[in-house]
Amino acid sequence: MLNSSGGSVNHAIALGRRFRELGMLTTVGASVPAATRGERPHVSPEAYCESMRVFLLLSGKSRHVPQEAHVRVHQIWMGDRAENARAASYSADDVMIVERDVGRLAKYTFDMGGTGDLLALSLNVPPWEDLHELSGEELRLTNLSTGGIDAQLGSPQPALNRFASSATSSSRGQE
32 MLNSSGGSVN HAIALGRRFR ELGMLTTVGA SVPAATRGER PHVSPEAYCE SMRVFLLLSG
92 KSRHVPQEAH VRVHQIWMGD RAENARAASY SADDVMIVER DVGRLAKYTF DMGGTGDLLA
152 LSLNVPPWED LHELSGEELR LTNLSTGGID AQLGSPQPAL NRFASSATSS SRGQE
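The opening residue of the sequence shown carries number 32 in our numbering; numbering runs sequentially from there.
Following this line, the structure appears as structure tokens:
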């Protein structure tokens, strides 16, 4: 469950690859603790998944984005100069680092089943502009929302049915 404004490109890629190895399911949501005694903690679908956390969302074997959630993207940038990106100075080494990280992010995106549309939407928003919030259609177009998590988080199924549907999905190569 993700509710975050972002983070490091390389750390998100490493964590995302680990999530995929573990077969994790991802969604956007915020954990809400119990306010009173007797009340149960719950998950609020109104949450934010921004910047590199969007690519962490992509790592889920199954991914769900509630309608109330906000999934927002922008370009990757030199972290120490993101606050005043236009006024900062950049060396050839700095440009090389950003381009290398874009390449890593592209490979990761395709490895996780995302589309080039996710990269295009992200790379079109410079750090001095507001983040772009993905529409429902863009979530589907980028493969960020597979919709499959609801069934897996919903009411329990008999063990035989869960294993049978899992084997069927694996035999089709859907992960």
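Glycine residues also receive a C-beta, built at the ideal position from the N, C-alpha and C atoms.
Where DSSP assigns a beta bridge to residue i, which residues make up the other side?
{"i": "glutamate 164", "result": "Arg103"}
{"i": "threonine 58", "result": "His95"}
{"i": "glutamate 114", "result": "Its beta-bridge partners do not exist; DSSP assigns none."}
{"i": "leucine 33", "result": "Val59"}
{"i": "glutamate 81", "result": "Arg103"}
{"i": "histidine 73", "result": "Val63"}
Suppose you measure from the CA of residue i to the CA of residue j; what does that come to, to the nearest Å?
{"i": "leucine 172", "j": "serine 122", "result": "35 Å"}
{"i": "asparagine 174", "j": "alanine 151", "result": "13 Å"}
{"i": "aspartate 181", "j": "arginine 94", "result": "Confidence at aspartate 181 is low in this model, with a pLDDT of 45, below 50, so its placement is unreliable and no value can be given for it."}
{"i": "tryptophan 159", "j": "histidine 42", "result": "23 Å"}
{"i": "leucine 46", "j": "lysine 138", "result": "15 Å"}
{"i": "serine 82", "j": "glycine 147", "result": "16 Å"}
{"i": "leucine 165", "j": "glycine 178", "result": "16 Å"}
{"i": "alanine 78", "j": "arginine 51", "result": "22 Å"}
{"i": "glutamate 130", "j": "glutamate 114", "result": "19 Å"}
{"i": "serine 75", "j": "serine 62", "result": "6 Å"}
{"i": "aspartate 125", "j": "glycine 38", "result": "18 Å"}
{"i": "serine 176", "j": "asparagine 155", "result": "21 Å"}
{"i": "serine 201", "j": "alanine 118", "result": "The predicted model places serine 201 with a pLDDT of 39, which falls under 50 and marks its position as unreliable, so this point remains unresolved."}
{"i": "phenylalanine 86", "j": "proline 72", "result": "27 Å"}
{"i": "aspartate 161", "j": "leucine 53", "result": "34 Å"}
{"i": "leucine 149", "j": "proline 97", "result": "18 Å"}
{"i": "methionine 143", "j": "leucine 89", "result": "6 Å"}
{"i": "valine 133", "j": "valine 59", "result": "24 Å"}
{"i": "glycine 167", "j": "serine 120", "result": "37 Å"}
{"i": "glutamate 169", "j": "proline 64", "result": "31 Å"}
My guess is that residue i and residue j are in contact by the Cβ rule of under 8 Å, so how many angstroms apart are they, rounded?
{"i": "glycine 91", "j": "methionine 55", "result": "6 Å"}
{"i": "valine 40", "j": "arginine 112", "result": "Contact flag wrong, Cβ pair sits at about 14 Å."}
{"i": "cysteine 80", "j": "serine 153", "result": "Actually they do not touch by this definition, with Cβ atoms about 13 Å apart."}
{"i": "proline 157", "j": "alanine 116", "result": "7 Å"}
Checklist entry - Is the region 67–77 touching the region 103–118, taking contact as three or more C-beta pairs under 8 Å? => result no
Item to check | alpha helix (DSSP H) runs wholly inside the region 125–161, at least 4 long, in chain order | outcome: 147–154
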